[in-house]
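Engineer: Pasting a structure below so you can have a look.
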Amino acid sequence: MRNTWLIIKREYLERVRTRSFVVLTLLLPAIMTGVMVLPAKLATIGNKIQHIVVVTSTPEFGETVRQGLLSTTPDTDSEDDEANSGTNDAKTTNERYIIDVDSSPTEAERTLLREKIIAQSIDGYLWVTDDAIASGKIAWASRSLSGFGEKSRLSEKLNRVIQYTRLSKNGVTPDQADLLLKPVEVDAIRIEGGRETKDSGGKKFLEVVVMVTLIYMAVLLYGISVMRSVLEEKNTRILEVLLSSASSTELMTGKILGVGAVGLTQILVWVVMAGAFAIPSLAMQTDLGDLKVSPEVLAAFAVFFFLGYLLYSTIYAAIGAISTTEQEGQQLQFFVVIPLVLSVFMLTAVVRTPDSPTVVWMSMVPFFAPLVMYARIVIQTPPLWQIALSLFLLIATIIGILILCARIYRIGILIYGKRPTLPEILKWLKYAKA
Amino acid sequence: MIMAPPQVPTAPPPRPALNPNAAATIELQGVCKSYDKFVAVDNLSLAISPGKIYGLLGPNGAGKTSTLRMMIGIIVPDSGHVSIFGEPLERAHMDRVGYLPEERGLYKKMKVLDHLVFLAQLKGLSAHEASTRARSWCERFELTSWTGKKVEELSKGMQQKVQFIGAVLHDPDLIIMDEPFSGLDPANAVALKDAVLELAKNGKTILLSTHRMDQAERLCQSIYLINHGRAVLEGDLNQIKARYGCCNVQIKYEGDAGFLQNTSLVQSFNDYGNYVEARLAPGADAQELLKLASAGARINKFELMEPSLEEIFMEAVSKTHA
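So the sequences go chain by chain: A and B.
Heads up, the first sequence is in the working numbering, so the first residue is 517 and it goes up one at a time.
Heads up, the second sequence is in the working numbering, so the first residue is 196 and it goes up one at a time.
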């Protein structure tokens, strides 16, 4: 116990104190922020005020279209648009356009407008003549093939204007038209343990994706560290000195937990940093309550993340124990990557049919359990015995691999030269008894 | 000097019965270890009593390292029994044992002092105590200005010294060293030798394995000579030398060396003209040879040579082959 603790401490402090750890811890969030914020920033730069000419057959209709385009009525669809463009401020809608009405739909006018666009005195024109409406094809001409957002925003607002116009032509009053055109919304309600929660599928998916990303990141960044550190001890031959003081199981446990703690520290720093940045902007949103994750899911996340991380780190340690160089170790990485990738593939099945026999049994297999069982818990809480069995198998597997790996590791002092074959490893395990 | 010829053994002397009392610092009884089909250690028994410097000698591949590794529990014997400080070997005993493996290894990125403290803490020392002792040892080995440096910045010789300090920092009762002098320059080798002698003077038991007979000869009080995993010679070095030290005679003479030609006293000789090295036949009395020689020539010097450990080793090994 004393030794395990000392080894954890050494692994942890030696790593956390390195410059590369500090740099990576601080730099990665900066890069991530850059990756996420920059495109949004760039998108808002593009969102300058658009000067548009609306060409209609009559000035009155032109005015109706103008009003329609400038309207700020936030209906459900346009909300999505704003989220896409990265602006939270609903008021920008009516500041987005300067609209002139032009009621002389001639070819000459069209040519003139085209020249104005080229001369950059206007950004574009909308050809909304009666003929165009009748044919159902309205032209939007601008310098650039305007973004997806711009086009859908325009067509959606125009549709509304034109639907109202058509209805009123047929004697429908504006009130009736409102009633007719009022959209409906589908609310997904999840019934679970006598409670009803209004979780959206998207949010659940997000919870699973966060888990997948974190596990992947942690495993790939730190699992490899475990492998490297095992290899380092074998190659520097310090192993023999350590083995004269501590058992190989103590060494292995200490190493995996120590390096693991480094990874957790880093992730914790990132989470805190992300929180510090995200909470102020989240607080502005009214539907903050929707983002709350239930404590059960949070607990499941913590448990399965930790165990998954341990499992894959232990496999990495085993890879380190049977390899002689890092290159060899990297060739064996598929032992870690394949279960991870397969788990990700299985997630589709989990989302679709969380209680199908295949999914249930897959969530019992320790190599898939961290992701698959967690996803099941998020989507639809499985029976308790299944969670318990899955956890039991997972922990037993971790301990099993750890013990096996400690033995191979001890025998590592006898390894020189090329990587041993499987029969050789089995033979060594025999020497390493007790 | 002229010595009375003792009885010349024709075979390795019978192994003395293992001391059954618990006084032995470490004791192997009938230990065997084989890897696959290769037998590394074959029914080896030895007992090391406290406060002495022992040498575990043998050619490369004799099973020295395997033997040492079994003594500290890194590998487990296939059969036989290892006991230490009078008890069956357990990991807890390792706090009282210092081990310097043949393959030196340190964490390259760690600072020297931190590294030493870590090694000593693994042996149960407090961080503070470890740090104090490490500083004084570093001072002794002229490493003081390097304690804050990373191990990788040190020369190989300095790393060796750090490794040695790491093995003795916890003041172990038993120190096991595998080829401790390999790779050290003469000055550092002397510093290490002095440290080893001082430890022995302070009552520590020291077991060092080496294939360098000259070093063992100068340092060790007792030796175990092993070959092919078996003990071929063991005991107090002086006694062994006395047993073997009778067969070589160095004669400086003037005149006729014919006295060497037709006598059953000499097994073989090497004549340099006025100087001859002769090997006495088994059971021959050197005094008889002296009489014979002085009868035919003028003898300026007649010396019974003490054989070097290397010669003893060669002879013992060749006998086991026969």
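For glycine and all other residues, C-beta sits at the position ideal for the given N, C-alpha and C.
When you compare only the Cα positions, how much space is there between T327(B) and E285(B)?
Structural biologist: Your numbering for residue 327(B) matches position 132 in the second sequence. Your numbering for residue 285(B) matches position 90 in the second sequence. Roughly 28 Å separates the two Cα atoms.
Engineer: With C-beta atoms as the reference, is D373(B) less than 8 Å away from L301(B)?
Structural biologist: Counting from 1 along the second sequence, the entry for residue 373(B) is found at position 178. Counting from 1 along the second sequence, the entry for residue 301(B) is found at position 106. Contact flag unset, no.
Engineer: Would a C-beta distance cut-off of 8 Å place S872(A) and A865(A) closer than the cut-off?
Structural biologist: Numbered from its first residue, the first sequence carries residue 872(A) at position 356. Numbered from its first residue, the first sequence carries residue 865(A) at position 349. Going by C-beta atoms, S872(A) is nearer than 8 Å to A865(A).
Engineer: As a quick exercise: from L780(A), G776(A), V746(A), V778(A), pick the residue whose alpha carbon is nearest that of L767(A).
Structural biologist: As a position in the first sequence, residue 767(A) is number 251, starting the count at 1. Nearest of L780(A), G776(A), V746(A), V778(A) to L767(A), Cα basis: V746(A).
Engineer: What did DSSP end up calling M372(B) once you bin it into helix, strand or coil?
Structural biologist: By one-based count along the second sequence, residue 372(B) stands at place 177. Reduced to three states, the DSSP call for M372(B) is strand.
Engineer: Of all the CB atoms in chain A, is at least one closer than 8 Å to the CB of G361(B)?
Structural biologist: By one-based count along the second sequence, residue 361(B) stands at place 166. So yes, G361(B) belongs to the interface.
Engineer: List the endpoints of the continuous beta strand (DSSP E) containing H276(B).
Structural biologist: One-based indexing of the second sequence puts residue 276(B) at position 81. H276(B) -> beta strand (DSSP E) spans 274 to 279.
Engineer: Taking all protein chains shown into account, decide if T205(B) is buried (16 or more other Cβ within 10 angstroms of its Cβ) or exposed.
Structural biologist: Position 10 of the second sequence, counting from 1, holds the residue named residue 205(B). Low per-residue confidence applies at T205(B): pLDDT is 46, beneath 50, and the placement is therefore not dependable, though the value from the model is reported in the following sentence. It counts as exposed.
Engineer: Within the 8 Å Cβ cut-off, does T752(A) reach chain B?
Structural biologist: Within the first sequence, numbered from 1, the residue matching residue 752(A) stands at position 236. Yes, T752(A) lies at the interface with chain B (some Cβ there is under 8 Å from its Cβ).
Engineer: Counting only the same chain and skipping the five closest in sequence on each side, list residues whose C-beta sits under 7 Å from that of V894(A).
Structural biologist: The residue you call residue 894(A) lines up with position 378 of the first sequence. If we look at V894(A) and ignore the five residues flanking it on each side, its Cβ neighbours are K720, E723, V724, V813.
Engineer: Consult DSSP for F233(B) and reduce its assignment to one of helix, strand or coil.
Structural biologist: Position 38 of the second sequence holds residue 233(B). Looking at F233(B) - three-state DSSP - the assignment turns out to be strand.
Engineer: Output needed for S741(A): all residues of its chain with C-beta closer than 7 Å, excluding positions within five of it in sequence on either side, in chain order.
Structural biologist: In the first sequence, residue 741(A) corresponds to position 225, counting from 1. Only V775 meet the Cβ criterion.
Engineer: Using a beta-carbon distance below 8 Å, is Y302(B) in contact with chain A?
Structural biologist: Walking along the second sequence from the start, residue 302(B) turns up at place 107. Yes, Y302(B) counts as interfacial toward chain A.
Engineer: Among H365(B), L364(B), V292(B), L311(B), whose alpha-carbon lies nearest the alpha-carbon of T342(B)?
Structural biologist: Residue numbering aside, residue 342(B) sits at position 147 when the second sequence is read from its first letter. Measuring from the Cα of T342(B), the nearest candidate turns out to be L311(B).
Engineer: Could you name the residues of the same chain whose beta carbon sits closer than 6 Å to that of A257(B), not counting the 5 residues immediately before and after it, in chain order?
Structural biologist: For the purposes of this step, residue 257(B) is taken as residue 62 along the second sequence, with counting starting at 1. Excluding positions up to five away in sequence, the list reads I421, N422.
Engineer: Which runs of the alpha helix (DSSP H), 4 residues or longer, sit entirely within the region 840 to 913 of chain A?
Structural biologist: 842 to 847, 850 to 868, 873 to 878, 885 to 895
Engineer: What residues in the region 285 to 300 of chain B bring their beta carbon closer than 9 Å to a beta carbon of chain A?
Structural biologist: Result list: R286, M289, D290, V292, G293, Y294, L295, P296, E297, E298, R299, G300.
Engineer: Per the DSSP calculation, M727(A) is bridged to which residue(s)?
Structural biologist: To locate residue 727(A), count along the first sequence from 1; it is residue 211. Note: M727(A) sits in no beta bridge, so no partner.
Engineer: Along the beta strand (DSSP E) that carries T458(B), what are the first and last residues, could you check?
Structural biologist: Residue numbering aside, residue 458(B) sits at position 263 when the second sequence is read from its first letter. T458(B) -> no beta strand (DSSP E), and no H or E assigned at all.
Engineer: If we ignore side chains and look at the alpha-carbon of each, how far apart do T937(A) and V853(A) end up?
Structural biologist: For the purposes of this step, residue 937(A) is taken as the residue at position 421 of the first sequence. For the purposes of this step, residue 853(A) is taken as the residue at position 337 of the first sequence. Straight through space, the alpha carbons of V853(A) and T937(A) are spaced by roughly 21 Å.
Engineer: Excluding the 5 residues flanking K525(A) on each side, which residues of the same chain have their C-beta closer than 8 Å to its C-beta?
Structural biologist: Residue mapping note: residue 525(A) aligns to position 9 of the first sequence, counting from 1. Cβ within range, chain order: G774.
Engineer: Give every residue of the same chain whose Cβ lies closer than 6 Å to the Cβ of I914(A), excluding the five residues on either side of it in the sequence, and list them in chain order.
Structural biologist: In the first sequence, residue 914(A) corresponds to position 398, counting from 1. Once the five neighbours on either side are set aside, the close Cβ partners of I914(A) are L826, L827, T830.
Engineer: Considering L499(B), what are the terminal residues of the beta strand (DSSP E) in which it resides?
Structural biologist: In the second sequence, counting from the first residue as 1, residue 499(B) sits at position 304. It spans 492 to 500 - the beta strand (DSSP E) in which L499(B) sits, taken as one unbroken run.
Engineer: Please report the distance separating the alpha-carbon of L942(A) from that of A816(A).
Structural biologist: If you number the first sequence from 1, residue 942(A) lands on position 426. If you number the first sequence from 1, residue 816(A) lands on position 300. Looking at the two C-alpha atoms, the distance is approximately 36 Å.
Engineer: Find out if the Cβ-Cβ distance for the pair L252(B), T405(B) is shorter than 8 Å.
Structural biologist: Walking along the second sequence from the start, residue 252(B) turns up at place 57. Walking along the second sequence from the start, residue 405(B) turns up at place 210. In this structure, L252(B) sits near T405(B), with a CB-CB distance shorter than 8 Å.
Engineer: In chain B, what lies closer than 8 Å to L522(A) by C-beta?
Structural biologist: Here residue 522(A) corresponds to residue number 6 of the first sequence, with the count starting at 1. Chain B residues near L522(A): F313, Q316, L317.
Engineer: Does the Cβ of A329(B) lie closer than 7 Å to at least one heavy atom of the ligand HEM?
Structural biologist: This structure lacks the ligand HEM, and indeed carries no ligand of any kind.
Engineer: Check for me: the beta strand (DSSP E) holding K525(A) runs from which residue to which?
Structural biologist: Looking up residue 525(A) in the first sequence gives position 9. First-last for K525(A): 518 to 532, but that is the alpha helix (DSSP H), not the beta strand (DSSP E).
Engineer: What does DSSP give as the partner residues of S658(A) in its beta bridges?
Structural biologist: As a first step, residue 658(A) must be located in the first sequence, where it is residue number 142. S658(A) is bridged to G640(A).
Engineer: Per the contact definition of three or more C-beta pairs closer than 8 Å, is the region 375 to 392 of chain B in contact with the region 351 to 367 of chain B?
Structural biologist: yes
Engineer: I need the DSSP call for P254(B), collapsed to helix, strand or coil.
Structural biologist: Here residue 254(B) is taken as the residue at index 59 of the second sequence, counted from 1. Look at P254(B) here: in three-state DSSP terms it is coil, with no helix or strand label.
Engineer: Does E324(B) come out as helix, strand or coil in the three-state DSSP assignment?
Structural biologist: Along the second sequence, one-based indexing puts residue 324(B) at 129. E324(B) falls in the helix class under three-state DSSP.
Engineer: Let me confirm a value: Y249(B) is counted as buried when at least 16 other C-beta atoms fall within 10 Å, else exposed. Which label applies?
Structural biologist: Position 54 of the second sequence, counted from the start, is the residue given in the question as residue 249(B). With 16 or more other Cβ atoms within 10 Å, it is buried.
Engineer: Of the residues that make up the region 752 to 779 of chain A, which ones have a beta carbon closer than 8 Å to any beta carbon in chain B?
Structural biologist: Taken in chain order, the members of the region 752 to 779 of chain A whose beta-carbon sits within less than 8 Å of a beta-carbon on chain B are T752, R753, I754, L755, E756, V757, L758, L759, S760, S761, A762, S763.
Engineer: Going residue by residue through the region 326 to 390 of chain B, where are the continuous alpha helix (DSSP H) segments of at least 4 residues, counting only ones entirely within it?
Structural biologist: 351 to 363
Engineer: List the residues of chain B that R926(A) touches, going by C-beta distances under 9 Å, in chain order.
Structural biologist: Taking the first residue of the first sequence as 1, we reach residue 926(A) at position 410. Correct list: I269, I270.
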